[in-house]
Amino acid sequence: MPDDHASSREPLPIGHCDRGLPARRVRVLLPLPLPEALDYLVPEGTSLPELGSFVRVPLGQRSLVGVVWDGTGEELADERLKPIIETLNTPRLQPELRHFVERVAAYTMAPPGAVLRMTMSVPEALQPPRPRRVCAASPGGRAALAGAPMGTRLTAARRRVLEILLNRPSMPVAEIAQLAACGPGVVRDLIAADLVEERFASSEPPEAPSPDWRLSGPALSPDQSVAAKRLVSGVQAGGFGVTVLDGVTGSGKTETYFAALATALAAGRQALVLLPEIALGAQWLERFRVRFGVLPAQWHSDMSAAERRDTWRAVAAGRVRVVVGARSALFLPFPELGLIVVDEEHDPSYKQEDGVIYQARDMAVLRASLAGIPIVLVSATPSLETVINVARGRYQRVALPRRHAAAELPAVRLVDLRREHIARGHFLSPPLVEELAATFAAGEQALLFLNRRGYAPLTLCRACGHRFECPSCTAWLVEHRFTGRLLCHHCGHAEPVPACCPECLTAGALVPCGPGVERLLEEVSQRFPAVRVAVMVSDLLSGPRAAAELAQAMTERRYDLLIGTQIVAKGHHFPMLTLVGVVDADLGLAGGDLRAAERTYQLLHQVGGRAGRAEHKGRVLIQTWMPDQPVMQALAGGDRDRFLEAEAAARRQAGLPPFGRLAALIVSAGDPDTCDFTARALSRAAPQLQGVAVLGPAPAPLAVLRGRHRRRFLVKADREVRLQPILRDWLSRVRTSGSTRIQIDIDPYSFL
Ligand code: ADP
Ligand code: ZN
């Protein structure tokens, strides 16, 4: 990747100050939602910072770190400009990444500074590292260890400390004490006795060993080899190209793309793997370690500030070669990126719904194209967008049609709930109960999938019909029995479950309606008292480690049954799991989401794919009220391609993505009148153009969220239309007042 040379692309001095000397200006993009970069002066005697340099500048009363940017803006007189404070000694932001920031901003219509903020999300990482005190054995210490008479008798603990220091790089007192299993006092005494010397060192953490691409992975199957060769040759050839690794669950997609990673590493490039829920990646991490000898660097929201700081710096300096991360890892400052892999590319969590609203999979393709590198999109159920891009010849496809080794795909059976008799307040049909019993009897494991946290989705009063609603959202409160609270799943509002109805004061009249995972646990425990059950839901796990431990316990067969929401659907590989029961397959089909059917297919297929991944054949039972729905038929018949064809035909007909373009405008305000006022103004100014339709305003399904009233517009356009300029023009013609906000969501995935 060519770097920019300051000499050729530096912003030229613009204008002159009164004394006739050329003023030296730079444009600086700040990590703030400002419309554009700001101009600053470079003080005499300091060298002009190069494009991409991090500089500290004043803004109002504050000082902030920004990046030297190109382009021109409004020309202010020199007198009105402030000088930059300093240029930081941090690797510059590469032209590729600066370009990426601009393109993401232009596409999502977010201010460039808001996108920049995602690339410099760890402000501490930009500060020069603070020196830290480290210790090493002194000549005296060495002599003492060697047995020279020093007048100091070495206790066992002191000896251990010296031995550790002799064999390792210098380290801080606390670290040695920990390694030597002694108190820090022992080390301090050694320092006082001149056997250990303490000095300052730069605080870059010691270099972590790089993944070793020379290690050989497992022998690939013939299918896998063919697929791996295609990916590898893409990496070797270099240049931008999108390859879809489309393989059934359990076909070994991970091992296959590891081959491409190894090639990128061998070529001296960095690699990025995006996973939807890094928190659930314990098994993935372990497989990486087995394949490459060390763990990769990670990037996700659950990291400490220090870990983020170290990782950001190490990525920027090229010391980290592979990062596995959640969507925000896409904005890390890799200087030598050679490959991007987006695993589970269809996953809806790649869409970021607040702040800068973007689809990380799509933006990953953009970054790969700007960097001129290959990208691999991996899935057992590729998104329709991706499938159509393959059909249009824009993406290459590589297939893994069979499960690895002896494993077969599970047999899927629909349970028609219209025909089953299920007692009130119960949710497991007789066929599912029977299969569970058979599974436990055979000493195998089962998974019950229900995408609903809590005990019951709705609680009402039997006496007066009162329903519990969130005070700040248009949503019912969900009862959580484990914690004894009623909870809003949209804003987090929580209140205790009252003893009597707050409306009619009748005691003991509150009834739960519908199932949640906690209620399912109750039913299962009554039916199978001896069965060991684990519940896997985000609100009951205290973080990635807890999730990993639970997965480990499941692998070791310390549980017979796992009950969970969608967090159980992904990535897990439990060899003894042979039965998957989907409790309510229709849940995701309600509502007007254009991707409802597609998502239901992906999710249920993925969950079903947890069954029978080793030598034992798997079974999947899907409980549904709508067995004739094309989605259910496709799941039962294993006919993905026919389902996708039908979906594609319906969307083409309706002009919906990926055959047409969509954007949503969400107007929100603290009170309904202000909100409607702006919505009406927008409506009057709406574009009237060939090929563009504006629907709305309509109250959003979540008409109130966190106390803000919301109205939605949906803009629908032909695929050839570029929506951004149209939207920009539209918004420029409407004034908003006070608390009103207009959010733009290009390619919306959520219609709430
Ligand atoms: P997918 O991601 O396609 O669902 P995985 O990559 O999880 O499939 O592979 C399923 C299982 O098969 C894993 O336990 C993996 O380690 C194993 N596996 C896949 N390919 C091979 C191989 N070539 N040799 C040995 N084990 C393999
Ligand atoms: Zn709420």
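Using this note's numbering, the final residue of the sequence shown is 771, and nothing's skipped along the way.
The beta-carbon is built from N, C-alpha and C at its ideal position, and this holds for glycine as well.
Contacts around residue i, its chain only, beta-carbon distance under 7 Å, and the 5 residues preceding and following it disregarded
i           : result
residue 274 : 236, 237, 239 and 243
residue 591 : 302, 570 and 629
residue 40  : A caution first: residue 40 carries a pLDDT of 45, below 50, which makes its placement in the model unreliable, though a value can still be read off. Here the set comprises nothing.
residue 605 : 643, 644 and 645
residue 422 : 267, 269, 270 and 428
residue 145 : 73, 84, 107, 109 and 139
Residue i beta carbon near the ligand ADP (any heavy atom closer than 6 Å)
i           : result
residue 365 : no
residue 273 : yes
residue 239 : yes
residue 631 : no
residue 268 : yes
residue 624 : no
residue 423 : yes
residue 592 : yes
Neighbourhood of residue i by C-beta distance below 8 Å, restricted to the same chain and skipping five residues each side
i           : result
residue 385 : 119, 122, 123 and 126
residue 699 : 716
residue 491 : 507, 510, 512, 723, 724, 725 and 726
residue 559 : 501
residue 416 : 262, 263, 265 and 409
residue 183 : 195, 198 and 199
residue 551 : 577, 578, 579 and 580
residue 2   : A question about residue 2 goes unanswered here, because the residues of the chain that appear run from 20 up to 771.
residue 618 : 367, 607 and 612
Bridge partners - residue i, DSSP secondary structure assignment
i           : result
residue 478 : 531
residue 377 : 371
residue 106 : 74
residue 59  : 45
residue 600 : 467 and 640
residue 692 : According to DSSP, which records beta bridges pairwise, residue 692 is partnered with nothing at all.
residue 409 : BP columns for residue 409 are empty, so no partner.
residue 519 : 526
residue 681 : 735
residue 137 : Partner(s): none; residue 137 has no beta bridge.
Top-ranked residue by Cα proximity to residue i, from the options
i           : options               : result
residue 93  : 293, 58 and 668       : 58
residue 291 : 464, 357 and 714      : 357
residue 73  : 642, 48, 421 and 746  : 48
residue 311 : 294, 330, 329 and 342 : 342
residue 433 : 709, 204 and 651      : 651
residue 62  : 76, 674 and 319       : 76
residue 435 : 444, 445 and 450      : 450
residue 695 : 751, 759 and 664      : 759
residue 285 : 419, 252, 231 and 248 : 231
residue 588 : 153, 470 and 55       : 470
residue 771 : 85, 730, 755 and 78   : 730
residue 279 : 542, 654, 227 and 249 : 249
residue 351 : 363, 379, 362 and 374 : 379
residue 535 : 516, 444, 362 and 459 : 444
residue 136 : 732, 574, 529 and 347 : 347
residue 247 : 282, 156, 216 and 531 : 282
residue 705 : 721, 345, 683 and 693 : 683
residue 711 : 345, 679 and 688      : 679
Residue i: CB within 6 Å of a non-hydrogen atom of the ligand ZN
i           : result
residue 499 : no
residue 491 : yes
residue 694 : no
residue 510 : yes
residue 507 : yes
Closer than 6 Å: residue i CB and nearest the ligand MN heavy atom
i           : result
residue 728 : In terms of ligand content, the structure shown lacks the ligand MN and carries the ligand ADP and the ligand ZN instead.
Cβ-based neighbour list, residue i, same chain, cut-off 6 Å, excluding 5 preceding and 5 following
i           : result
residue 141 : 327, 328 and 331
residue 204 : none
residue 635 : 597
residue 359 : 291, 383, 387 and 394
| field | Those runs of the beta strand (DSSP E) which lie wholly inside the stretch 71-100 and span at least 3 residues | value | 73-78 and 81-88
| Which parts of the stretch 602-671 are runs of the beta strand (DSSP E), unbroken and 3 residues or longer, counting only runs that do not cross its ends? | Annotation: the stretch 602-671 contains the following complete segments of the beta strand (DSSP E) (minimum length 3 residues), in chain order: 638-643.
| request: Let me know the alpha helix (DSSP H) ranges lying completely inside the stretch 201-240, each 4 residues or longer, listed in chain order. | output: 203-211
| Segments of 4+ residues assigned as alpha helix (DSSP H) that fall wholly inside the stretch 281-320 | 301-311
| task | Scan the stretch 318-349 and note each continuous beta strand (DSSP E) run of 3 residues or more that stays entirely inside, going in chain order. | result | 341-344
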